[in-house]
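Quick note, the sequences are listed as chains A and B, same order.
Going by the numbering used here, the first sequence wraps up at 329, each residue one higher than the last.
Going by the numbering used here, the second sequence wraps up at 329, each residue one higher than the last.
Ideal placement from N, C-alpha and C gives every residue a C-beta, glycine not left out.
Note that the coordinates shown come from a computational prediction; the quantities given were computed from them, not determined experimentally.
Okay, so here's the structure we're looking at.
Protein chains: 2
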Amino acid sequence: MTTETTDTAAAPTAGPASTPLPHDDLQPHAHAHERGGEQAGEHSYVHGYSPTEALRLGDQADTLAELLHAGTAYPAGSRVLEAGCGVGAQTVHLLASSPGAELTAADISADSLAQARARVAAQAPGAQVTWHHGDLHELPFPDDSFDHLFVCFVLEHLADPSAALTALRRVLRPGGTVTVIEGDHGSTFFHPDSAAARATVDHLVRLQADAGGDALLGRRLHPVLAAAGFRDIAVRPLTVSVDDSRPALVEGFTRRTFVAMVESVRADALAAGLSTAAAFDRGIADLRRTAEEGGTFHYTFFKAVAVNP
Amino acid sequence: MTTETTDTAAAPTAGPASTPLPHDDLQPHAHAHERGGEQAGEHSYVHGYSPTEALRLGDQADTLAELLHAGTAYPAGSRVLEAGCGVGAQTVHLLASSPGAELTAADISADSLAQARARVAAQAPGAQVTWHHGDLHELPFPDDSFDHLFVCFVLEHLADPSAALTALRRVLRPGGTVTVIEGDHGSTFFHPDSAAARATVDHLVRLQADAGGDALLGRRLHPVLAAAGFRDIAVRPLTVSVDDSRPALVEGFTRRTFVAMVESVRADALAAGLSTAAAFDRGIADLRRTAEEGGTFHYTFFKAVAVNP
Chain A
21 MTTETTDTAA
31 APTAGPASTP
41 LPHDDLQPHA
51 HAHERGGEQA
61 GEHSYVHGYS
71 PTEALRLGDQ
81 ADTLAELLHA
91 GTAYPAGSRV
101 LEAGCGVGAQ
111 TVHLLASSPG
121 AELTAADISA
131 DSLAQARARV
141 AAQAPGAQVT
151 WHHGDLHELP
161 FPDDSFDHLF
171 VCFVLEHLAD
181 PSAALTALRR
191 VLRPGGTVTV
201 IEGDHGSTFF
211 HPDSAAARAT
221 VDHLVRLQAD
231 AGGDALLGRR
241 LHPVLAAAGF
251 RDIAVRPLTV
261 SVDDSRPALV
271 EGFTRRTFVA
281 MVESVRADAL
291 AAGLSTAAAF
301 DRGIADLRRT
311 AEEGGTFHYT
321 FFKAVAVNP
Chain B
21 MTTETTDTAA
31 APTAGPASTP
41 LPHDDLQPHA
51 HAHERGGEQA
61 GEHSYVHGYS
71 PTEALRLGDQ
81 ADTLAELLHA
91 GTAYPAGSRV
101 LEAGCGVGAQ
111 TVHLLASSPG
121 AELTAADISA
131 DSLAQARARV
141 AAQAPGAQVT
151 WHHGDLHELP
161 FPDDSFDHLF
171 VCFVLEHLAD
181 PSAALTALRR
191 VLRPGGTVTV
201 IEGDHGSTFF
211 HPDSAAARAT
221 VDHLVRLQAD
231 AGGDALLGRR
241 LHPVLAAAGF
251 RDIAVRPLTV
261 SVDDSRPALV
271 EGFTRRTFVA
281 MVESVRADAL
291 AAGLSTAAAF
301 DRGIADLRRT
311 AEEGGTFHYT
321 FFKAVAVNP
């Protein structure tokens with residue numbers, strides 16, 4: 021069950037995210053069923069699918085775009101697949117960095133895909149993107165359909181990232197590259213240090229694991245890519261270090277990205293019995309303290325580039 | 021109580037580290053006493069002063085030199101003070117990067133200073149260095165004696181790093197810069213993850229705190245420099261990320277630097293009751309596992325440059 025559409029500058033632009041779009045009737049649980057429930061889908065996406073979450077992802081991408089996308093530019097005419105485009109937070113940056121590339125953006129969530137289309141229509145109105153609604157484990161494209169794959173903040177939500185990469189490698193031509201970007205919540209540290217704050221981050225890691233994902237994936241991108249058959253694997257750490265000299269990151273990364281992300285699992289953490297309300301709120305307060313004067317906050321993303329032999 | 025000597029190409033070269041040198045009669049505890057015991061000195065240096073430790077520091081500096089020293093080059097004729105040169109692990113790299121700079125290297129340990137002289141004589145035989153034996157909190161130099169300060173892996177051993185930097189700032193001319201490099205053991209993470217391995221790292225942090233230092237100093241360089249009166253503070257994270265694609269770092273950093281450092285506090289950790297022998301050894305074994313095939317290891321240093329207003 022896959023659908024595909026192409027947006028161009030001449031096509032009707034998608035409306036705001038709240039506007040009904042053609043794929044809204046496709047429910048994610050159907051895909052989960054098709055996959056035999058083995059992979060995490062929309063139903064288990066740890067961060068949820070609220071408008072607030074979409075805003076958070078947009079903020080995150082814009083603040084971090086320079087860091088994450090530096091060095092990623094695909095030649096005009098090259099066939100690029102963004103697997104797991106979500107709400108299009110990275111898509112708009114891919115389009116900006118690689119004008120002329122033939123971009124296909126795929127996601128398992130019809131609602132996210134609709135938001136991605138709306139975002140691209142608003143932020144890159146002249147861009148041409150082929151939108152594909154489907155599961156990245158079962159892409160209908162022929163072998164060797166793409167020159168490059170781009171997979172950002174996707175594998176962390178899957179139970180078997182090497183299996184996903186193996187499936188994706190099928191549609192990548194020999195000699196083509198895959199670029200994978202992931203965070204690692206275990207890389208988080210801050211000043212002032214706080215056991216309560218560390219505990220809230222641990223809860224997020226635990227909830228993501230319970231949902232079948234791995235919030236500590238960044239650290240193992242090399243072995244995961246190797247297990248999927250990729251070669252010439254180069255993984256670079258991209259460490260975000262926030263202090264008083266970087267007010268835009270204090271606001272855009274520490275507060276609006278990281279603390280907001282941890283705070284978003286409050287109800288789930290309490291429901292799962294991982295924390296009391298008081299302990300969770302103390303942890304959040306201590307995390308917020310790291311964004312005040314004299315505080316610092318540090319987090320490492322990993323960006324891997326590897327070749328399909 | 022300070023002494024000063026100058027080595028030049030024409031001066032008698034210092035012998036190997038075991039050769040008695042003029043300052044060997046100066047005992048570090050005398051300096052500790054002079055400081056009122058407030059600051060950590062040789063007696064409380066958590067890593068100890070063994071030949072093995074000196075070798076470890078040399079390995080560490082050589083492996084990491086490119087990372088840590090990139091961008092640090094002082095003009096010919098500029099007056100540079102390396103405060104806390106230790107066994108000269110960084111000194112030789114400073115000399116290589118800044119030919120023609122007038123380097124003064126100071127340390128509180130006569131024995132370390134002797135080793136530093138020997139190292140420079142062996143590795144940079146034409147270099148001219150003014151060696152100063154004394155406490156960086158009580159340097160005898162007039163105000164504004166230096167154009168630049170370089171302080172690497174020193175402040176982590178001091179009880180009050182801002183006080184040390186304030187004392188150092190006195191001998192730095194207005195407009196001069198300080199460069200500070202520190203690690204942060206709390207930035208450590210690895211694959212496969214292991215609670216036992218994390219515990220051994222925590223023991224090292226605890227022992228260093230018990231000795232009056234702070235193995236988590238890297239994360240707070242910005243506020244520490246601000247409190248010492250520096251301005252235009254720019255702190256950069258330097259993350260070392262080790263996997264199968266980097267065999268030199270697997271050996272030189274993960275095994276010979278980090279695991280060796282943690283292993284070196286085994287006796288102290290057991291004596292302090294922080295761990296059992298079995299638990300400690302399991303932690304070390306798990307740390308070593310991260311240097312085997314498919315393992316990864318990650319650590320963040322911080323490099324700060326700031327201006328004396």
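Alpha carbon to alpha carbon, how far is residue j from residue i? Give it in angstroms, no decimals.
{"i": "residue 170(B)", "j": "residue 264(B)", "result": "33 Å"}
{"i": "residue 235(B)", "j": "residue 287(B)", "result": "18 Å"}
{"i": "residue 127(B)", "j": "residue 135(B)", "result": "11 Å"}
{"i": "residue 53(B)", "j": "residue 154(B)", "result": "The predicted position of residue 53(B) is uncertain, since its pLDDT is 28 and thus under 50; a value taken from the coordinates is nonetheless stated next. Approximately 13 Å between the Cα atoms of the pair."}
{"i": "residue 190(B)", "j": "residue 163(B)", "result": "5 Å"}
{"i": "residue 44(B)", "j": "residue 252(A)", "result": "Summary for residue 44(B): the model assigns pLDDT 24, below 50, so the residue's position carries little reliability; its value from the coordinates is reported in the next sentence. C-alpha separation (whole angstroms): 52 Å."}
{"i": "residue 311(A)", "j": "residue 137(B)", "result": "44 Å"}
{"i": "residue 241(A)", "j": "residue 324(A)", "result": "7 Å"}
{"i": "residue 226(A)", "j": "residue 113(B)", "result": "44 Å"}
{"i": "residue 217(B)", "j": "residue 159(B)", "result": "40 Å"}
{"i": "residue 294(B)", "j": "residue 207(B)", "result": "21 Å"}
{"i": "residue 282(A)", "j": "residue 215(A)", "result": "15 Å"}
{"i": "residue 3(A)", "j": "residue 285(A)", "result": "Because residue 3(A) is not part of the residues shown, which for chain A are 21 to 329, the question remains open."}
{"i": "residue 317(A)", "j": "residue 299(B)", "result": "31 Å"}
{"i": "residue 119(A)", "j": "residue 152(B)", "result": "59 Å"}
{"i": "residue 60(A)", "j": "residue 193(A)", "result": "Unreliable positioning characterises residue 60(A) in this predicted model, as indicated by a pLDDT of 34, which lies under 50. A coordinate reading is not provided."}
{"i": "residue 182(A)", "j": "residue 200(A)", "result": "12 Å"}
{"i": "residue 280(B)", "j": "residue 328(B)", "result": "37 Å"}
{"i": "residue 205(B)", "j": "residue 166(A)", "result": "42 Å"}
{"i": "residue 307(B)", "j": "residue 108(A)", "result": "39 Å"}
{"i": "residue 355(A)", "j": "residue 292(A)", "result": "Any answer about residue 355(A) is impossible in this case: the structure gives chain A only from 21 up to 329."}
{"i": "residue 210(B)", "j": "residue 237(A)", "result": "11 Å"}
{"i": "residue 334(B)", "j": "residue 296(B)", "result": "No information on residue 334(B) is available, as it lies outside the stretch 21 to 329 that chain B covers here."}
{"i": "residue 172(B)", "j": "residue 104(A)", "result": "43 Å"}
{"i": "residue 258(A)", "j": "residue 124(A)", "result": "26 Å"}
{"i": "residue 267(B)", "j": "residue 303(B)", "result": "22 Å"}
{"i": "residue 313(A)", "j": "residue 243(A)", "result": "39 Å"}
{"i": "residue 176(B)", "j": "residue 322(B)", "result": "12 Å"}
{"i": "residue 132(A)", "j": "residue 229(A)", "result": "22 Å"}
{"i": "residue 305(A)", "j": "residue 161(A)", "result": "48 Å"}
{"i": "residue 91(B)", "j": "residue 256(B)", "result": "12 Å"}
{"i": "residue 157(B)", "j": "residue 195(B)", "result": "21 Å"}
{"i": "residue 269(B)", "j": "residue 213(B)", "result": "19 Å"}
{"i": "residue 96(B)", "j": "residue 115(B)", "result": "11 Å"}
{"i": "residue 247(B)", "j": "residue 202(B)", "result": "17 Å"}
{"i": "residue 315(B)", "j": "residue 180(A)", "result": "18 Å"}
{"i": "residue 94(B)", "j": "residue 273(B)", "result": "27 Å"}
{"i": "residue 47(A)", "j": "residue 106(A)", "result": "Unreliable positioning characterises residue 47(A) in this predicted model, as indicated by a pLDDT of 24, which lies under 50. The coordinate reading is nonetheless provided below. Cα to Cα, the separation comes out at about 15 Å."}
{"i": "residue 339(A)", "j": "residue 320(B)", "result": "As shown, chain A starts at 21 and ends at 329. That puts residue 339(A) outside it, with no answer to give."}
{"i": "residue 276(B)", "j": "residue 260(B)", "result": "14 Å"}
{"i": "residue 88(B)", "j": "residue 245(B)", "result": "19 Å"}
Tell me, which residues are paired with residue i by DSSP?
{"i": "residue 319(A)", "result": "260(A)"}
{"i": "residue 210(A)", "result": "317(A)"}
{"i": "residue 102(A)", "result": "125(A), 170(A)"}
{"i": "residue 324(B)", "result": "200(B), 255(B)"}
List the whole-angstrom C-beta distance separating residue i from residue j, where the pair is believed to meet the contact cut-off of C-beta under 8 Å.
{"i": "residue 197(A)", "j": "residue 249(A)", "result": "The pair is not a contact, with the Cβ atoms about 14 Å apart (cut-off 8 Å)."}
{"i": "residue 100(B)", "j": "residue 122(B)", "result": "7 Å"}
When every heavy atom of the ligand GDP is checked, does at least one fall within less than 6 Å of the C-beta of residue i?
{"i": "residue 234(B)", "result": "Of ligands this structure carries none, so the ligand GDP is not represented either."}
Segments assigned alpha helix (DSSP H), at least 4 residues, entirely inside the region 141-208 of chain B:
181-190
Going along the chain, which unbroken runs of the beta strand (DSSP E) with 3 or more residues stay wholly within the region 228-271 of chain B?
251-262
Which of the residues in the region 202-236 of chain A, read from start to end, lie with their CB under 9 Å from any CB of chain B?
Of all residues in the region 202-236 of chain A, only 204, 206, 207, 209, 210, 211, 212, 213, 236 come within less than 9 Å of chain B when Cβ atoms are compared, listed by chain position.
Taking Cβ-Cβ distances below 9 Å as the criterion, which residues of the region 251-265 of chain A are in contact with chain B?
252, 253, 254, 255, 256, 257, 258, 259, 260, 261, 263, 264, 265
Looking at chain A, which residues of the region 316-327 of chain B have a Cβ within less than 8 Å of any of its Cβ atoms?
316, 318, 320, 322
Short of 9 Å Cβ to Cβ, which residues in the region 300-317 of chain B face chain A?
313, 314, 315, 316, 317
Can you pull out the residues from the region 187-202 of chain A whose beta carbon lies closer than 8 Å to at least one beta carbon of chain B?
Correct list: empty, as no residue qualifies.
Counting only Cβ-Cβ distances shorter than 9 Å, please list the residues of the region 79-111 of chain B near chain A, keeping chain order.
none
Residues of the region 140-160 of chain B in Cβ contact with chain A at a cutoff of 9 Å, in chain order, please.
For the region 140-160 of chain B, which is checked against every Cβ of chain A, not one residue is closer than 9 Å.
Between the region 238-252 of chain A and chain B, which residues of the former have CB atoms less than 7 Å from a CB of the latter, in chain order?
239, 240, 242, 243
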